[in-house]
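In full-length UniProt numbering, the protein residues as written are 1 to 426. Shown next, in structure tokens, is the structure this report addresses.
This is how it looks when you write it as structure tokens:
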């Protein structure tokens with residue numbers, strides 16, 4: 001049977017740390033939708049002194065940088081100590097988030113994913129959002145890139161469901177304390193969990209009810225925002241919005257001194273008015289020029305940065321390159337008689353791969369590539385030989401753009417997890 005909800009769990013510790021720690025602060029949601037439990041970290045100060053508040057609301061925690069902010073970290077409904085059904089990145093999640101918000105939102109990755117959808121609901125207590133590096137389009141960014149299932153993007157069972165409200169044995173696994181009201185049975189826990197991995201496999205199309213229930217209008221976002229998400233920046237309705245590009249891993253730049261100083265400057269715009277007046281540069285880009293290696297933040301500081309007033313950058317011109325039958329890549333449109341088919345055998349496994357490669361002539365002068373690259377291809381499948389009538393039931397295409405130096409050595413860059421990658425690999 002469901003757990004009996006306890007209402008008197010709030011604890012305050014004013015002596016153990018150099019900040020005041022409040023545990024399991026309960027926020028009752030509107031319309032009897034349940035409750036969210038939060039931990040609050042705030043500076044020690046004279047009675048009555050107020051501080052701006054930073055809120056994170058998500059499925060897992062992270063270390064917190066204390067710098068004269070009150071910090072609220074809430075467990076999403078259905079997770080850790082907040083009862084209800086576990087249904088991440090859902091309408092219910094954002095409706096609950098509205099009740100938690102105070103002043104500003106700050107986060108990266110999953111801790112920022114929900115910023116867009118809750119800001120689109122225009123909660124009264126929200127002043128600005130710093131959504132550093134995250135998804136803004138659930139279907140396209142998270143689940144199905146171009147409609148193709150991203151089946152291993154998130155290990156949902158290892159990351160999220162282990163932290164589910166009522167999941168037995170959390171403390172024994174050193175995965176946080178056990179649920180205050182006690183464990184749920186295995187059947188109760190499974191019945192209270194929507195698994196994204198399963199849901200994304202069984203729902204294919206953007207207009208499926210599953211995806212439509214998670215949709216929202218980016219134009220409804222009105223608060224000032226600072227983000228690294230290009231589509232989010234371009235589609236948000238905010239009058240004051242700023243886009244920042246960085247290089248390196250997914251997790252590290254957010255915590256560097258330069259980025260922390262930038263975020264604090266944005267969040268504390270009462271002291272640095274350029275953000276609140278729109279005088280701050282709208283866009284900051286990184287020019288990845290030269291070969292500095294990969295996964296080395298110090299060496300990557302050699303990349304130059306520049307500022308622009310809009311994105312795409314003024315003067316950007318989309319340039320067409322054509323694939324040729326001889327394996328070339330050229331800006332000259334091929335004559336009709338040069339158009340032909342090029343084929344290759346699908347790989348049997350990772351050790352026996354086959355590919356087609358197209359290479360352009362060396363550039364005579366320096367050229368820059370900025371923005372997103374689009375490939376238009378006409379493709380088909382056939383059986384391996386004329387005897388067999390068996391054809392593949394689907395096609396996976398892996399497109400890579402590589403940069404070669406004057407010695408034909410490939411220049412590699414840092415991936416989101418730190419390994420070497422080409423310019424683009426889709």
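A virtual CB, placed ideally from N, CA and C, is assigned to each residue, including glycine.
- In this structure, residue 36 sits near residue 100, with a CB-CB distance shorter than 8 Å.
- Take the alpha-carbon of residue 277 and the one of residue 248: they are about 30 Å apart.
- The stretch 179 to 188 makes no contact with the stretch 223 to 237, as fewer than three CB pairs between them are under 8 Å.
- Boundaries of the alpha helix (DSSP H) around residue 277: 274 to 277.
- Here residue 125 has 101 and 102 as same chain residues with Cβ atoms under 6 Å from its own Cβ, once five neighbours each way along the sequence are excluded.
- Taking C-beta separations shorter than 6 Å and ignoring five residues to either side along the sequence, the partners of residue 422 in its chain run 400 and 402, following chain order.
- Under a 10 Å Cβ-count criterion, residue 7 is classified as exposed, with fewer than 16 other Cβ atoms of the shown protein chains found around its own Cβ.
- In terms of Cβ geometry, residue 19 and residue 43 form a close pair [threshold 8 Å].
- Residue 191 sits in a helix when the DSSP states are folded into three classes.
- Burial is judged here by how many other beta carbons sit within 10 angstroms of a residue's own beta carbon; residue 414 has at least 16 and is buried.
- Cβ-Cβ distances below 6 Å link residue 299 to 292 and 293 in the same chain, with the five nearest sequence neighbours on each side left out; the list follows chain order.
- Per DSSP, residue 199 lies in no beta strand (DSSP E); the unbroken alpha helix (DSSP H) holding it starts and ends at 196 to 202.
- Taken through DSSP and simplified to helix, strand or coil, residue 168 comes out as coil.
- As the crow flies, the alpha-carbon of residue 22 is around 19 Å from that of residue 79.
- The stretch 12 to 90 contains, as complete beta strand (DSSP E) runs of 3+ residues, the segments 19 to 28, 35 to 43, 53 to 58 and 70 to 75 (chain order).
- The three-state secondary structure of residue 349, taken from DSSP, is strand.
- Residue pairing of residue 307 in beta bridges, as defined by DSSP: 284.
- Residue environment for residue 173: exposed (fewer than 16 other C-beta atoms within 10 angstroms of its C-beta).
- In the same chain as residue 168, and ignoring 5 residues on each side of it, the C-beta atoms closer than 6 Å to its own belong to 183, in chain order.
- Going by DSSP, residue 235 is part of the alpha helix (DSSP H) stretching over 230 to 235.
- Per DSSP, residue 265 lies in no beta strand (DSSP E) segment; the continuous alpha helix (DSSP H) that holds it begins and ends at 257 to 267.
- Inclusion of residue 57 and residue 114 in the CB contact set at 8 Å is warranted, their separation being smaller than that value.
- If the five residues before and after residue 123 are omitted, its C-beta is found closer than 6 Å to the C-beta atoms of 98 and 101, all from its own chain and listed in chain order.
- In this structure, residue 360 keeps its C-beta atom at 8 Å or more from the C-beta atom of residue 307.
- In the DSSP assignment, residue 112 falls within the unbroken alpha helix (DSSP H) covering 110 to 119.
- When DSSP reads this structure, residue 138 sits in no beta bridge, so it has no partner.
- The beta carbon of residue 316 sits closer than 8 Å to the beta carbons of 370 and 371 from its chain, once the five residues preceding and following it are set aside; these are given in chain order.
- Each residue's CA atom was taken as its position, placing residue 27 and residue 117 some 20 Å apart.
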